[in-house]
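Chemist:
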Amino acid sequence: MGYLDVARDKVVGSVKEAAKKVVDAQPPRATAQTVTIACPVDRIAQFWRDPLQLSVVLGDIAEVEASGDDRYRWRLLEGPDATWESRMVTREDGVGFVGDGSELTISYRAAPHDLGTEVTLRATTPAPGLLAGAAAYKVLYRLRALMQTGEVPTLRSNPSARASAR
Numbered sequence: 004m005g006y007l008d009v010a011r012d013k014v015v016g017s018v019k020e021a022a023k024k025v026v027d028a029q030p031p032r033a034t035a036q037t038v039t040i041a042c043p044v045d046r047i048a049q050f051w052r053d054p055l056q057l058s059v060v061l062g063d064i065a066e067v068e069a070s071g072d073d074r075y076r077w078r079l080l081e082g083p084d085a086t087w088e089s090r091m092v093t094r095e096d097g098v099g100f101v102g103d104g105s106e107l108t109i110s111y112r113a114a115p116h117d118l119g120t121e122v123t124l125r126a127t128t129p130a131p132g133l134l135a136g137a138a139a140y141k142v143l144y145r146l147r148a149l150m151q152t153g154e155v156p157t158l159r160s161n162p163s164a165r166a167s168a169r
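In this note's numbering, the protein residues as written are 4 to 169.
1) Taking the C-alpha atoms as reference points, what is the distance between residue 135 and residue 68?
2) Where does residue 34 land, buried or exposed, given buried means 16+ other C-beta within 10 angstroms?
3) In its own chain, which residues sit with a C-beta less than 6 Å from the C-beta of residue 50, not counting the 5 before and 5 after it?
4) Spatial neighbours of residue 113 within its chain, please: C-beta separation below 7 Å, excluding the five flanking residues on both sides.
5) Could you name the residues of the same chain whose beta carbon sits closer than 7 Å to that of residue 77, not counting the 5 residues immediately before and after it, in chain order?
6) Taking the beta strand (DSSP E) that residue 47 falls in, what are its first and last residues?
7) Cα-Cα, which of 63, 97 and 74 is closest to residue 82?
8) Would you mind reading off the limits of the beta strand (DSSP E) that contains residue 89?
9) Since residue 36 sits in a beta bridge, which residues does DSSP pair it with?
10) Where residue 17 and residue 104 are concerned, what is the direct C-alpha to C-alpha distance, given to the nearest angstrom?
11) Going straight from the alpha carbon of residue 91 to that of residue 74, what length do you get?
12) Anyone know if the C-beta pair for residue 61 and residue 142 falls short of 8 Å?
13) Excluding the 5 residues flanking residue 102 on each side, which residues of the same chain have their C-beta closer than 8 Å to its C-beta?
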């Protein structure tokens, strides 16, 4: 190993260390997305209490299982092997999943002009806001598709040669 390799490794190590300090120092950020879904409020409320349906909507992001009364375990399907233990909290306008410094808050209400239900997903996580916002939108987009058509969009039968069905 030459002196350039040693210098490069030191610089890369220093940059990683500095980036970790900056990321760790950031407070969790809240990111919210809202969609209108053409179905009744009670059907949306029921959805968030069903871990199997949550797993369908999360698709290639994560899977959810009940781990006790009002307790849920969320496991990422790609990337680092990570699980999130949460407790469901019923709120006046929806539900929340709370655990380990992160929180998902889902609120729903009747949409104006009888157009269905407005659903807002607010994620408070250590993940960057743009990443959390994109994931929140993806989840709500899939939820709307499932509630309105009975299925989640997929590429499963499409010969597009993509690795994922989503």
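Each residue gets a CB set at the ideal place from its N, CA and C atoms; glycine is no exception. Computed from a predicted structure; not experimentally measured.
Modeler: So, to answer that:
1) To locate residue 135, count along the sequence shown from 1; it is residue 132. To locate residue 68, count along the sequence shown from 1; it is residue 65. Distance between the alpha carbons of residue 135 and residue 68: 21 Å.
2) Indexing the sequence shown from 1 puts residue 34 at position 31. Under this definition residue 34 is a buried residue.
3) Walking along the sequence shown from the start, residue 50 turns up at place 47. Around residue 50: 56.
4) Within the sequence shown, numbered from 1, the residue matching residue 113 stands at position 110. 44 and 120, listed in sequence order.
5) By 1-based counting over the sequence shown, the position of residue 77 is 74. Closer than 7 Å at the Cβ level, and outside the excluded window around residue 77, lie 65, 67, 86, 87 and 89.
6) Start at 1 with the first residue of the sequence shown, and residue 47 comes out as number 44. Looking at the DSSP string, residue 47 is not in any beta strand (DSSP E); the run it does join, the alpha helix (DSSP H), is 44–50.
7) Mapped onto the sequence shown, residue 82 falls at position 79. Closest option to residue 82, Cα to Cα, is 63.
8) Locating residue 89 in the sequence shown gives position 86, where the first residue counts as 1. 86–94 is the span of the beta strand (DSSP E), which, as asked, contains residue 89.
9) Translated into positions along the sequence shown, residue 36 becomes position 33. Answer is 124.
10) Position 14 of the sequence shown, counted from the first residue, corresponds to residue 17. Position 101 of the sequence shown, counted from the first residue, corresponds to residue 104. Answer to the nearest angstrom: the Cα atoms are 27 Å apart.
11) Your numbering for residue 91 matches position 88 in the sequence shown. Your numbering for residue 74 matches position 71 in the sequence shown. Distance between the alpha carbons of residue 91 and residue 74 is about 6 Å.
12) For the purposes of this step, residue 61 is taken as residue 58 along the sequence shown, with counting starting at 1. For the purposes of this step, residue 142 is taken as residue 139 along the sequence shown, with counting starting at 1. Contact flag set, yes.
13) Taking the first residue of the sequence shown as position 1, residue 102 is located at position 99. Closer than 8 Å at the Cβ level, and outside the excluded window around residue 102, lie 87, 88, 89 and 90.
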